[in-house]
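Here is the structure we will look at, set down as structure tokens.
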Amino acid sequence: MKKRSVMKRITAAFMLTLTMVLLSGCNPMVLDPKGPVGDSQRDLIWISTLLCAIIIVPVLILTAVIVWRYRDKPGNKAAYKPKWEHSTKLETIWWGIPIVIIVILAVVTVRYTYHLEPSKPLESEKEPLVIEVTSLDWKWLFTYPEQNIATVNYLKFPEDRPIEFKLTSDAPMNSFWIPQLGGQIYTMSGMAMTLFLQADEPGVYYGAGANFTGKDFGKMRFDATATSEEEFAAWVQEVKGTGTELTMDGYGKLAEQGTAEIQSFSGYPQGLFNSIVNKYAVPGSGGHHHGGESTESAEYSKASTDEAKSTADDQEMNMDMDAEMDMDHEHHADHE
Amino acid sequence: MLEKIKEFAGDFFVTGDPLIYGADVSIALALISIITVLTYFKKWGWLWREWLTTVDHKRIGIMYIIASILMLFRGGVDALLMRTQIALPDVHFLEPEHYNQIFTTHGVIMILFMAMPLMFGLFNIVVPLQIGARDVAYPFLNSLSFWMFFFGAMLFNMSFVIGGSPDAGWLSYAPLSELSHSPGVGQDFYIWGIQISGIGSLATGINFIVTILKMRAPGMKLMQMPMFSWSVLSSCVTIIFAFPILTVTLALLFLDRYLGAHFFTLDGGGNPMMYVNLIWMWGHPEVYIVVLPAFGIYSEIVATFSKKKLFGYKSMVFAMMIISVLSFFTWLHHFFTMGSGADVNAFFAITTMLIAIPTGVKVFNWLFTMFRGRITFSTPMMWTIAFIPCFVIGGMTGVLLSVAPADFQFHNSYFLIAHFHQVLIGGVAFGYFAGLYYWWPKMFGFKLNEKLGKWAFWLWNIGFYVCFMPQYFLGLDGMTRRVSEYSWDMGWGPLNLVSTIGGFLMGIGFLFQVWQIAHSIKFMERDTTGDPWNGRTLEWSIPSPAPLYNFATLPQVQNQDDWWEDKQRKANGLPSTKKPQPLEPIHMPKNSAIPFIMSVCWFVAGFGFVFDWLIFAIPGMIGVFICLLARSFSYDTDYYIPVDEIKRTEAALRGAN
Amino acid sequence: MLTRKFKTRPFMAAHTDTAHGSHAGGGHGHDEHHEHEHESMKTFGFWLFLMTDCILFATLFATYIVLKGNTNGGPTAHELFEMPGIIASTFILLTSSFTSGLAVLAMHKKNVKGLIMWLGVTVLLGASFVALEVTEFIKMVHEGATISTSAFLSGFFTLVGTHGLHVSLGLFWMIGLMIQLSRRGITPVTQRKVNVISLYWHFLDVVWIFVFTIVYMMGVM
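These protein sequences, in sequence, are chains A, B and C.
Here the first sequence is numbered in UniProt numbering, starting from 1 and rising by one per residue.
Here the second sequence is numbered in UniProt numbering, starting from 1 and rising by one per residue.
Here the third sequence is numbered in UniProt numbering, starting from 1 and rising by one per residue.
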């Protein structure tokens, strides 16, 4: 009776999950990636699942067999050895098997960890497009330093070109996640994290703020649209033509708690992103102190220098926020 | 004047939601009925003498268990409310604020006020009996631990009707939990509720380490100790290393909120990520604290119901100790996505995976305990058998989560939710249920009804898979945790509906367990043997329920599974190796009201700190201080039970044999 | 009736002159042995408590070190700390640790008066340590360096304040113990209590050495 029920439960669980996948209509997002990062992560998920299955499946079968065979039933002819409690050979085997599997998995993991380090640039002939991401309570602000435009709660970028996301937060920590393109990275105040992603085909991808930040964090979803280069250029022009400019005051209002509709801005204060980062960066300890990776900070500093240089040409340095600190930051970057 | 009172009451009491009013009414009714019953049957004195002031580990254990079952009910209702809200797209059953409060209290209650006390309850009831001791090392401290937990939990739960519940998640990440983002008192209830009960937990950790190391029956070597006691030891060692970190973390958060310090604030140079690190340095070991004793329970049960010695005893002990140590080196896997760099992530990925090795070994050892045994399917054993596949799958998804780059895709999603519920329900809750069924006759002297127990078992198990398997897929499909609403076009509706149905099946399973307990109390059959399961360890050698002093004479231990070996000798017609010991007066601790009063003072002080009312906080702290002094000055703390009385008690208990 | 073979490990032994009067005769040897065992068990528990306290301080030190540089434009350690006062209080605390040791020595010689006297000296020294610390804190607050000025000062006040709180609690405890000693003399119970408090006192001394090195020395360097 027992075996039947155990087996039944296991098969039932499998059948159930199978039906679920079918029910949900298509492949779950994470297993149906549309970019190189997501691809590698999907591969890694399958590899690790299979490696685990090598040990899990036999254990499940063994459980069912043992429970059935050694049930207490009159006339059960299976061996009964109540004092048999140790076997060096057997125990060595089952210390050994998990060790081997874990060693293999560890090697795979370490290789992928370096390969998929989010701040590592993707291999591509094209220059990455930089998009700065700021999580606010409860909305996303995306700024495009090269294009000098900004959007709220939606993203557009060209397909087949690496995107270098710079992430920070002007609110409690959130997490920037576009499942079909690749995994998430936290947005943290006082730090600028880097995440490289790329879409291999045009499409509208679902994006989310994955980390809880209070009341309306559930509304921090956004669409990330990958288009052709031409369409992207056209869109940039359109935004530049039609939208209003985001001012410092406007940013201040935007940063207040509350939800927001989709918005586009034909321009924004230069160095806005850096000033948001520097607002929380710790004075007296030389900038990015918060647990961030040092290479990242260095890389970020480089990027920000470039940006600072480009902004220096601009006449209007309309910055009333932490202007001094920003200067400070430039000095740091120069030292490096 | 009236307006002012009205205004105050409007802030003070949580208002505006019919659900809350309903709860208010039922809480009031429950209180009134309890008071009426106690007064009518003149039971106040009895309650005070026999329970509130008791230092008897068995009674304290029972109180822990009752409290944890109540908390399981509250946490379970929270869970079902959440599942109802997200069963379908675009439901407006709970507003986001309310939903946030409910998942916060669900998490805190289930881990800290359900799992922990249920675990401590089992520690209390079983450990002294299993190692042949007459109480724990510090019975007074033990009672204090219980009451600190109880009043901490009460303080936390009070936030439901007074002031408002915390809503920053069960670990209350800063800066969300700081005054800047959570100005209400909910977060202060969180801090003080957990802080007060946490001090109790720390004391319990110390208490049981000393009990196990110093109070084993004569002759019982460490390597002959029952596996449950080993698991308690490893869990308690983990407690004493992990809980001080929690104490400090909460204290610092309190200083931030109360005195405007800048530990974890966004401004002033505070470091919010330090909070995340600190809370997980406690939080990760915490999950091993609750799961290790469950491993111990499975080990006891699997041996008893396979009628076979536990396989690989040394491996089991070794594995648990490795787990306790490793649990302190994995905390960062809770935030790989912080982007600490490949080196750091790779290190923590590997330490996390390493834990799978000893855990896997334990699974094999349980399987090979059943191998060549004779398995009977009583309820405790059924939970144990169901645990194995459930935990193995949950463990596997855990290993998947530890693969750092893959975790970037799993993190903060329902995949994670499904994983930790699978190990916490399949591993911890199943284990504690098994333990509860197994040791129930030892606590109360009768078994629980098996038939209703099997109903509850199947409902829980089927409900579990129906509830959580879909969540893995929801996670992979991009559904993030803690969202209270989603739209139709996400396509998450069907799986969520299935999951909610599973949740309710488990809820029905819980109702069956309540019915089972009520039914068994009414139609119980007394267990006159003291050994209803044909057990192996010392707790089964004494009558059920155990007398106040546990053992009339202390057992002389020669073997692992000493009681079983003794029974085998008798069955084979061999003389017992035990020499009958003469009865002697037994030294016992006296009851004390101090733990109860001191915890009430803590409660008052905590309440004062929550609302920043020094008129409560100062007298409360003074009360605590006076209680400490009173304890230090009391020397008349114990007495002897005379031999005559022991003889009478034993005759009454064993007379039925 | 009472034999020496009898081993009752479990109970809080304590002094039981009233409770078992009927079988006290002849049982004294057993009782003492048994009491001794219980008192040593309590001491063992106290060691475990000290371990948890160690972790508590370790965590506070860790947070202090992380936040040390985050002065938020406020005063730095270098500007704030005045070493002469700190060195004085360090000597006072070290001396009090020594006198608490003398108290234990007096106890071993069964010298109740000496014991109480040395405990009293320890209390006085401890109290002056606390007084110096409070003065230091008040001075800082007057200079505008409060717990809410910067993360560095939050860490500083919390770490040093927690140590000070431990010392203050120890003072009350010690006074309580002196009263108990004067009433009951040296018994196994009071003896254990003296041992435990001197353990606690030495522990606080060690913690202070870390505070002195990590907070003050490294702060002004």
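All C-beta atoms in this analysis are idealised placements derived from N, C-alpha and C, irrespective of residue type, glycine included.
It should be emphasised that the depicted structure is a prediction, and the values quoted were computed from it without experimental measurement.
Contact check for residue 61/C and residue 210/C: beta-carbon distance about 7 Å, within the 8 Å limit, so the pair qualifies. For residue 224/B, there is no enclosing alpha helix (DSSP H), as DSSP marks it with neither H nor E.
Per DSSP, the beta bridge partners of residue 223/A are 154/A and 206/A.
Taking a C-beta distance under 7 Å as the contact criterion, residue 159/A and residue 233/A do not qualify as a contact pair. Against residue 105/A, the close residues of chain B are 353, 399 and 403, in the order they occur along the chain (beta-carbon pairs closer than 8 Å). Residue pairing from DSSP leaves residue 148/B without any beta-bridge partner. With fewer than 16 other CB atoms across the displayed protein chains lying within 10 angstroms of its CB, residue 10/B is exposed.
In chain order, 197 place their CB closer than 7 Å to the CB of residue 173/C, counting only its own chain and leaving out the 5 sequence neighbours on each side. Put simply, the CB of residue 204/C is far from chain B, with every gap to its CB atoms at 7 Å or more. With a cutoff of 7 Å on beta-carbon distance, residue 168/B and residue 275/B are scored as not near each other. One thing to note: residue 159/B has its Cβ within 7 Å of the Cβ of residue 189/B. DSSP places residue 89/A within a helical segment (H, G or I) once states are collapsed to three.
Distance from the CA atom of residue 105/C to the CA atom of residue 133/C, rounded to whole angstroms, is 29 Å. In the DSSP assignment, residue 290/B falls within the unbroken alpha helix (DSSP H) covering 272-306.
Interface annotation for the segment 180-203 of chain B against chain C: 202, criterion Cβ-Cβ distance under 8 Å. Uninterrupted beta strand (DSSP E) stretches at least 3 residues long and entirely within the segment 161-196 of chain A occur at 163-169, 174-178 and 182-187, given in chain order. When beta bridges are read from the DSSP output, residue 587/B appears opposite 640/B. For residue 153/A, not one C-beta of chain B is nearer than 7 Å to its own C-beta.
Within the segment 359-387 of chain B, contact with chain C at the beta-carbon level (separation under 9 Å) is assigned to no residue. In the DSSP secondary-structure assignment, residue 139/A is bridged to 136/A. Per DSSP, the beta bridge partners of residue 129/A are 163/A.
Counting only the Cα atoms, residue 220/A lies some 11 Å from residue 262/A. Under the three-state reduction of DSSP, residue 313/B is assigned to helix. Inclusion of residue 186/C and residue 112/C in the CB contact set at 7 Å is warranted, their separation being smaller than that value.
Of the other Cβ atoms in all chains shown, 16 or more fall within 10 Å of the Cβ of residue 152/B; this residue is therefore buried. In the assembly as shown, residue 41/A is a buried residue. Its beta-carbon has 16 or more other beta-carbons within 10 Å. At least 7 Å separates the CB of residue 214/C from every CB of chain B. Taking C-beta separations shorter than 6 Å and ignoring five residues to either side along the sequence, the partners of residue 334/B in its chain run 280, following chain order. Measuring C-alpha to C-alpha distances from residue 425/B to each of 408/B, 136/B, 172/B and 394/B identifies 394/B as the nearest.
Taking 9 Å as the Cβ-Cβ cut-off, the segment 141-163 of chain C approaches chain B at 146, 147, 148, 149, 150, 151, 152, 153, 154, 155, 157, 158 and 162, given in chain order. Counting along the chain, residue 611/B sits inside the alpha helix (DSSP H) bounded by residues 594-611. Each of 473/B, 231/B, 438/B and 206/B was checked against the Cα of residue 535/B, and the nearest Cα belongs to 438/B. Contact of residue 284/B with chain C by beta-carbon distance below 7 Å is absent, the smallest such distance being about 15 Å. For residue 482/B, the residues of chain A that pass the 8 Å Cβ criterion are 212, 217 and 218, in the order they occur in the chain.
DSSP, reduced to helix, strand and coil, places residue 93/B outside both helices and strands of the structure shown, so it counts as coil. For residue 74/C, no beta strand (DSSP E) encloses it, and the DSSP letter there is neither H nor E.
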